[in-house]
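Asks: Dropping a structure here in structure tokens format, bear with me for questions.
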Amino acid sequence: MAETGNTEWKVAKNDEGLRLDKWLATPERLGSRSRALTALAKGKIFINQAEQTSADAGRKLSAGETVRVWMDRPGSSQRRYSERRSSGLHIIYEDSSLLVVDKQAGLLSVPLPAKPEEPSLIDQVKHHLRSQQKKAAFVVHRIDRDTSGLVVVAKTSEAQRRLKEQFERREPQRIYLAVVQGQPQPDSGTWRDLLVWDKEELQQRTIKKRSEREDAKEAISHYRVIEKFAENSLIEVRLETGKRNQIRMQASLHGHPVVGERIYIDKPVKRSEQKIERQALHAWRLRFRHPIEQRPMDFTVDPPQDFQSLVEMCRK
């Protein structure tokens, strides 16, 4: 494990496509993901002599690339990342009250308290808003790190309050696309489950009766099969409730885990057999009322290339 000095590795062919941070986190390299992220934040990682930053943590590696860890180097990446924070922000819509953005997979919606140096969507939005002399961005809802797609962010506390009230009343329409294992039967239906958030494991658990746990919450999702493949299906899922990891958990509970799932799955898929490097889940459509003007707003965004490539692979 590299602690000091200057170490180089060549990316092997069987490591092609791996995320940079996860590749660095292996025992023979930096030993943990937290060390990898710290090294990136401090400007100590280079690929083919180009300095990498926290924003490059999710970069996919290519075979033959040279990755250099320069642990003794005085870092500069923190400043450079600050300058680049909004560079990956894909704004779908913006006005004086809100932004609708297309979050890339691999990016946190909000910072983790234990790892504030990790890039997040809300940090990107804040950096963007500084050009408008605004200091704050207000979280309305979030999607999982490895889920791509639409997120609305408020630009004022009043817009945030009114949007959150809509979400609490279950008024917004949130529709996701997912590639799942197998073929759900019937072709459309509703999943209803009681979920409990495990604060230690940071994942959902399920129970049979509400009386088993006072903190149990009902999760409701409506699904529809869009296209069937030999081993998988492309489905549309409309959230009625919005619990953490809801679609991923319910899809697994009902026998059709999301392709690429790593947590809510009985038998982990070998890396060599994985069809996609994340869960194949995309927040495709978002409908709500404008918090100030009250007019209806309706947005859709196409899935990113990795999702589209997976669908094409399943069709063959």
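Using the numbering used here, you'd call the opening residue of the sequence shown number 14 and step up by one each time.
Glycine residues also receive a C-beta, built at the ideal position from the N, C-alpha and C atoms.
In this text the structure is predicted, and so the values were computed from the model without any measurement.
Between ALA38, GLY202, GLN321 and SER110, which has its C-alpha nearest SER234's C-alpha?
Replies: With distances taken between Cα atoms, SER234 lies closest to GLY202.
Asks: Mapping the DSSP letters down to three states, classify THR254 as helix, strand or coil.
Replies: THR254: coil per DSSP, three-state reduction.
Asks: Considering Cα atoms alone, identify which of ILE104, ASN19, ASP311 and ALA127 is closest to ARG81.
Replies: Selected option, being the one with the closest Cα: ASN19.
Asks: Just reading off the beta strand (DSSP E) that LYS139 is part of, what are its end residues?
Replies: Note, LYS139: premise wrong, no beta strand (DSSP E); alpha helix (DSSP H) at 134 to 143.
Asks: For ARG155 and LEU163, what's the separation of their Cα atoms in angstroms?
Replies: Cα-Cα distance, rounded: 9 Å.
Asks: With a threshold of 16 other CB atoms inside 10 Å of the CB of ASP228, please say whether the residue is buried or exposed.
Replies: Exposed, by the Cβ-count rule.
Asks: Beta strand (DSSP E) containing GLN217: first to last residue?
Replies: Where GLN217 is concerned, the enclosing beta strand (DSSP E) stretches over 216 to 220.
Asks: Using DSSP bridges, identify the partner residues of ASN19.
Replies: BP columns for ASN19 point to TRP83.
Asks: Does DSSP put ASP28 in a helix, in a strand, or in coil?
Replies: Looking at ASP28 - three-state DSSP - the assignment turns out to be helix.
Asks: Could you give the C-beta distance for GLY273 and GLN292, rounded to a whole number, given that I count them as a contact under 8 Å?
Replies: Right, the Cβ-Cβ distance comes to about 4 Å (below 8 Å), so this counts as a contact.
Asks: Return helix, strand or coil for GLN91, following the three-state DSSP convention.
Replies: Bear in mind that a pLDDT of 42 at GLN91, under 50, signals an unreliable position, so the number given afterwards is only what the model happens to contain. GLN91 falls in the helix class under three-state DSSP.
Asks: With a CB to CB cut of under 8 Å and the five nearest residues on each side skipped, what residues in its chain are close to ARG92?
Replies: Below a pLDDT of 50, predicted positions are generally treated as unreliable, and ARG92, at 37, falls in that range; no measurement from the model is reported.
Asks: Could you check what DSSP says for GLU227 in three-state terms: helix, strand or coil?
Replies: If DSSP states are grouped into helix, strand and coil, GLU227 belongs with coil.
Asks: Could you give the DSSP three-state label for LYS58: helix, strand or coil?
Replies: Residue identity differs from the one stated: residue 58 is Ile in this sequence, not Lys. Of the three classes helix, strand and coil, the one that applies to ILE58 here is strand, per DSSP.
Asks: Who are the near neighbours of GLU240 in its chain, counting only those whose CB is closer than 6 Å to its CB and skipping five residues on each side?
Replies: Counting only Cβ-Cβ distances below 6 Å, and skipping sequence neighbours, we find LEU247.
Asks: Going by DSSP, what residues sit across from ILE260 in a beta bridge?
Replies: The partner list for ILE260 (beta bridge, DSSP) is empty, contrary to what the question assumes.
Asks: Am I right that VAL123 and ILE135 are in contact with their C-beta atoms under 8 Å? What's the rounded C-beta distance?
Replies: That belief holds up - the Cβ atoms of VAL123 and ILE135 are roughly 5 Å apart, short of 8 Å.
Asks: Would you report the Cα separation of LEU33 and ALA49, rounded to the nearest angstrom?
Replies: Distance between the alpha carbons of LEU33 and ALA49 is about 9 Å.
Asks: Using the rule of at least 16 other Cβ atoms within 10 Å of the residue's Cβ for burial, across every protein chain shown, is ASP69 buried or exposed?
Replies: Label assigned to ASP69: buried.
Asks: Does PRO126 pass the burial test, meaning 16 or more other C-beta atoms within 10 Å, or should it be called exposed?
Replies: With fewer than 16 other Cβ atoms within 10 Å, it is exposed.
Asks: Taking DSSP's pairing of strands, which residues face TRP204 in a bridge?
Replies: According to DSSP, TRP204 bridges with SER234.
Asks: Using 8 Å as the threshold, is the segment 190 to 206 in touch with the segment 263 to 272, meaning 3 or more CB pairs across them?
Replies: Counting Cβ pairs under 8 Å, three or more are found: they touch.
Asks: Buried or exposed for ILE220, please, with buried defined as at least 16 other CB atoms from any protein chain shown within 10 angstroms of its CB.
Replies: Burial call: exposed.
Asks: Looking only at DSSP bridge pairs, what is GLY162 linked to?
Replies: Answer is LYS116 and ALA296.
Asks: Terminal residues of the continuous beta strand (DSSP E) containing VAL324?
Replies: It is not in any beta strand (DSSP E) - VAL324 instead sits in the alpha helix (DSSP H) that spans 318 to 328.
Asks: Reducing DSSP to helix, strand and coil, say where SER47 ends up.
Replies: Correct three-state label for SER47: helix.
Asks: What is the rounded straight-line gap between the Cα of LYS55 and the Cα of ALA118?
Replies: If I take the Cα positions, the gap works out to 23 Å.
Asks: Give me the Cα-Cα distance between ALA172 and LEU294, rounded to the nearest whole angstrom.
Replies: In a straight line, the C-alpha of ALA172 is about 28 Å away from that of LEU294.
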